[in-house]
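Since the structure comes first, as C-alpha cells, the remarks are kept for the end.
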Amino acid sequence: MSGSDVRFQVQPGGKIKGAIRVPGDKSISHRSIMLGSLAEGTTQVTGFLEGEDNLATLDAFRSLGVNIHGPENGKVVIAGVGMHGLKSPGKDIYLGNSGTSMRLLTGLFSAQAFDCVLTGDKSLSGRPMRRVTDPLARMGAEIETTEKGTPPVHIHGGQKLCGIDYAMPVASAQVKSSLLLAGLYANGQTCVTEPAPTRDHTERMLRGFGYPVQTQGNKICLLGGGKLKATNIDVPADISSAAFFMVAASIAPDSDLTLQHVGINPTRTGVINILRQMGADIGLANEREVGGEPVADIRIRSAQLKGIRIPEAQVPLAIDEFPAIFVAAACAQGQTVLTGAHELRVKESDRIAVMADGLVTLGINAKPTEDGIIIEGGQFGSGEINSHGDHRIAMSFAMAALRAQGTIHITDCANVNTSFPGFVMLAQQVGLTIEQSS
Ligand code: S3P
Numbered sequence: 000m001s002g003s004d005v006r007f008q009v010q011p012g013g014k015i016k017g018a019i020r021v022p023g024d025k026s027i028s029h030r031s032i033m034l035g036s037l038a039e040g041t042t043q044v045t046g047f048l049e050g051e052d053n054l055a056t057l058d059a060f061r062s063l064g065v066n067i068h069g070p071e072n073g074k075v076v077i078a079g080v081g082m083h084g085l086k087s088p089g090k091d092i093y094l095g096n097s098g099t100s101m102r103l104l105t106g107l108f109s110a111q112a113f114d115c116v117l118t119g120d121k122s123l124s125g126r127p128m129r130r131v132t133d134p135l136a137r138m139g140a141e142i143e144t145t146e147k148g149t150p151p152v153h154i155h156g157g158q159k160l161c162g163i164d165y166a167m168p169v170a171s172a173q174v175k176s177s178l179l180l181a182g183l184y185a186n187g188q189t190c191v192t193e194p195a196p197t198r199d200h201t202e203r204m205l206r207g208f209g210y211p212v213q214t215q216g217n218k219i220c221l222l223g224g225g226k227l228k229a230t231n232i233d234v235p236a237d238i239s240s241a242a243f244f245m246v247a248a249s250i251a252p253d254s255d256l257t258l259q260h261v262g263i264n265p266t267r268t269g270v271i272n273i274l275r276q277m278g279a280d281i282g283l284a285n286e287r288e289v290g291g292e293p294v295a296d297i298r299i300r301s302a303q304l305k306g307i308r309i310p311e312a313q314v315p316l317a318i319d320e321f322p323a324i325f326v327a328a329a330c331a332q333g334q335t336v337l338t339g340a341h342e343l344r345v346k347e348s349d350r351i352a353v354m355a356d357g358l359v360t361l362g363i364n365a366k367p368t369e370d371g372i373i374i375e376g377g378q379f380g381s382g383e384i385n386s387h388g389d390h391r392i393a394m395s396f397a398m399a400a401l402r403a404q405g406t407i408h409i410t411d412c413a414n415v416n417t418s419f420p421g422f423v424m425l426a427q428q429v430g431l432t433i434e435q436s437s
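The opening residue of the sequence shown carries number 0 in numbering that gives the first Met the number 0; numbering runs sequentially from there.
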C-alpha cells in the first residue's frame with residue numbers, strides 16, 4: 000500500500016473518557032535495542048514500542064549479527080554481543096522515517112571496524128546530518144553524506160576515535176547521544192555541553208547498564224573503553240503519544256481521561272508545563288520510578304484554555320509535542336506565541352509550515368514565523384488536511400475534530416505507524432469518532 004493512500008476521517012464533537020495506556024516510549028525503545036545489543040549478557044525489554052521507527056533500529060542490529068527475539072506483545076529479548084561483537088551488515092541499512100536511528104547509529108557505527116551505509120525514506124533523506132557528522136569527524140570518524148549534508152550516510156569503519164569536548168550549537172538529544180555512543184569507543188573522555196537541557200534517556204540508560212556517565216549542569220561526560228552489563232528494561236508509555244490525548248481531553252467538553260504508566264522524565268514534560276500554563280486541568284498520581292525513569296498516571300479533565308507566550312526554556316522539553324500544543328492553542332481564548340523553535344522546521348516535516356497551513360485550512364488565524372508561530376484562538380470549521388506523511392501532524396489534526404463544526408479529512412497518514420501503532424483503535428475507545436481508509 001502506498002503511504003499516501005492512508006486517510007483519516009474524523010467526525011466533529013465527542014468527549015474523551017476512560018483509562019488507557021498508550022504505547023511505549025520511542026526514544027527509550029530505540030536505546031534499549033542499541034545498548035542491549037552492545038551489552039554482555041541477555042537484556043529483556045518489556046513495553047517496547049512496536050512502531051516502524053523502532054523496528055528499523057531492531058532490524059539494523061539483526062543485520063549486524065545480533066540475535067534478537069520478538070517483539071511479542073512489547074517483549075524483546077536481546078542476546079548482547081559485547082562492545083566489539085557487531086559484524087558487517089554486508090548491505091545498506093534502511094532506516095525508514097527514523098531520524099533517531101540515523102543520527103544515533105551514525106555515531107555508534109563510526110567507531111566500528113566495518114564500513115556501512117545508512118539510508119532512509121524521502122523525509123529522512125532530506126534531514127540534516129552535519130550536526131552529527133561534523134563533530135564526529137572531529138573525533139576522527141570518516142563519514143560522507145550528500146553535498147547538502149543529508150543521507151545516505153556512508154561510514155568508513157576502522158578509525159581510531161579520540162574523545163572531544165563539544166559545545167552543541169543546537170539543543171539536540173540526538174546529537175548528544177550520537178557523540179556519547181561514539182565516545183564509548185574513543186580514546187579518553189568525551190564531553191558534550193548542551194545549550195539547554197534535552198532528553199537524558201541515553202545517560203540514564205547507560206548508567207542502568209553499569210556505564211559511568213558524569214553530568215554536571217549542562218555538561219555530560221564519559222570515558223571510552225568501558226563495558227555494558229545486560230539489564231532488564233521496562234519502557235514506560237510515551238509522553239509524546241500521550242500528548243495527543245492530553246490535548247483531546249482538555250479541549251473536548253465533559254472529558255475525564257486517565258493515561259496510565261506515562262514516562263514523566265523532567266526532560267520530557269514540557270507539554271504538561273505548557274498546557275497547565277494555558278489553564279489545563281492535569282493531575283499526576285502514583286508517581287514512581289521504573290528502571291531509572293520516573294512514571295505516573297496522568298488525569299486530564301476538560302478546561303477552558305487561554306493563549307500564552309510559550310517560555311523558550313520549555314521548547315526542547317516539548318519539542319515533539321508542538322503539533323498537538325498548536326491544536327490546543329487554536330481552541331484557547333486569545334493569542335499563543337511560540338518563538339525559539341526553529342528546530343520544528345527540520346523534523347519529519349516542516350512542522351511550522353505544515354501546521355500553519357492545516358490550521359488556516361480549518362479557519363484558524365495562524366501565522367508562521369521564522370522560528371515559531373502565532374495562533375489566535377478560534378473555531379475549527381472542517382476540511383481536508385495534508386499531513387505530509389508526518390505522524391504527529393496527522394494525530395494532532397485528528398484531535399482537532401473534537402471542537403470542529405464538520406468532518407476533518409486527513410491524508411498521508413500511514414506514518415502514524417512509525418510511533419503509534421493502534422492509534423485509531425485507542426482513539427475510538429476513548430470517544431473520538433475516527434475511521435481509517437486506504
Ligand atoms: C529524540 C530527540 C529529539 C526528538 C526525536 C527523538 C531522541 O530530536 O525530536 O523525536 O530520541 O533522542 P532532536 O534531538 O533532534 O531534537
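Cβ coordinates follow ideal geometry from the N, Cα and C atoms, glycine included.
This one's a predicted model, so the numbers in the text were calculated from it and none came from an experiment.
For GLU375, the pairing in a beta bridge is given by DSSP as GLN334.
In this structure, the ligand S3P has no non-hydrogen atom nearer than 8 Å to the beta-carbon of PRO134.
Taking the Cα positions, GLU143 is about 16 Å away from SER177. Following the DSSP letters along the chain, one finds LYS25 inside the alpha helix (DSSP H) bounded by residues 25-37.
Sequence-distant partners of ALA340 (beyond 5 residues in either direction) whose C-beta falls short of 7 Å from its own C-beta, in its chain, are VAL314, PHE321, ASP370, GLY371. Residue state for LEU304 is assigned as coil, using DSSP reduced to three classes. Proximity to LYS147 across GLY157, GLN435, GLY125 peaks at GLY125, based on C-alpha coordinates.
With the rule of 3 Cβ pairs closer than 8 Å, the region 248-263 does not count as touching the region 204-218. Remark: the shortest separation between the CB of ASP319 and any heavy atom of the ligand S3P falls under 8 Å. Nearest neighbour of THR338 by Cα position, chosen from GLN111, THR118, ALA317, turns out to be ALA317. At least one heavy atom of the ligand S3P lies closer than 8 Å to the C-beta of HIS29. Residue side-chain check: GLY262 keeps its Cβ at 8 Å or more from all non-hydrogen atoms of the ligand S3P. Here ARG287 is exposed. Its C-beta has fewer than 16 other C-beta atoms within 10 Å. In this structure, ALA172 sits away from ARG137, with a CB-CB distance that is not shorter than 9 Å. Within the same chain, Cβ atoms closer than 8 Å to the Cβ of GLY223 are found at LEU160, GLY162, GLY182, LEU183, TYR184, ALA185, ASN186, GLY187, GLN188, THR189, the five residues on either side in sequence being excluded.
DSSP places THR144 in the coil class of the three-state scheme, outside both helix and strand. ASN416: not part of any beta strand (DSSP E); member of the alpha helix (DSSP H) spanning 415-418, first to last residue. Here DSSP, grouped into helix, strand and coil, assigns HIS83 to coil. In this structure, PHE108 keeps its C-beta atom at 9 Å or more from the C-beta atom of LEU94. Beta-bridge annotation (DSSP): ILE407 is paired with VAL9, GLY382. Within the same chain, and ignoring the five residues on either side of ALA241 in sequence, the residues whose Cβ sits closer than 6 Å to its Cβ are VAL21, LEU258, VAL261. Within the chosen limit of 8 Å, the ligand S3P does not reach the beta carbon of VAL116 with any heavy atom. At least one heavy atom of the ligand S3P lies less than 8 Å from the C-beta of VAL174. In the three-state DSSP reduction, GLN173 falls in the helix class (H, G or I). Here the alpha carbon of GLY362 sits roughly 27 Å from the alpha carbon of ASP255. The beta carbons of PRO194 and ASN217 sit closer together than 9 Å.
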